[in-house]
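Note that the working numbering numbers the sequence shown so that position 23 is 148, with each residue one more than the last. From the three backbone atoms N, C-alpha and C, an ideal C-beta is built for every residue, glycine too.
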Amino acid sequence: MATEEDIKAYELIVRNTPLKIITDKLKEGEKTLSDLEAALNEVSKDLDPLVIRLYMDQLEAQGFVEKKEGENPSYTLTEKWKKVEAERGAKA
126 MATEEDIKAY
136 ELIVRNTPLK
146 IITDKLKEGE
156 KTLSDLEAAL
166 NEVSKDLDPL
176 VIRLYMDQLE
186 AQGFVEKKEG
196 ENPSYTLTEK
206 WKKVEAERGA
216 KA
């Protein structure tokens, strides 16, 4: 069962358009920062790449994404995200 803190964080994420786009893109599978930037640029061309990195750091700190280090880091959704999303979807 997800904690109340995780549920609140999830609800804030899905209400934030850039974070929602990021998590929706990650549902397709592992994505690089470039992939995520491209998806976000389809909606908002004014979004600085630094902001996208900060969003990813936030999601990683909350335990919702896992970062795979390398020359071009890639990201995946964690089981924690999938669990909270499944619980919230069941209540919606």
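Residue environment, residue i, which counts as buried when at least 16 other CB atoms sit within 10 Å
i, result
"L161", "buried"
"M181", "buried"
"T142", "exposed"
"A134", "buried"
"V176", "exposed"
"V168", "exposed"
According to DSSP, residues forming a beta bridge with residue i
i, result
"T201", "E191"
"T157", "S199"
Cβ separation of residue i and residue j, assumed to be a contact under 8 Å, to the nearest whole Å
i, j, result
"L172", "L179", "Wrong, their Cβ atoms sit about 11 Å apart, outside the cutoff."
"N197", "T148", "Actually they do not touch by this definition, with Cβ atoms about 20 Å apart."
"V190", "L151", "7 Å"
"K205", "S199", "Not confirmed; about 18 Å, so no contact."
Residue i - DSSP class collapsed to helix/strand/coil
i, result
"T283", "Because the chain is modelled from 126 through 217, residue 283 falls outside the range shown and cannot be assessed."
"K170", "coil"
"A211", "helix"
"K133", "helix"
"K152", "coil"
"A127", "coil"
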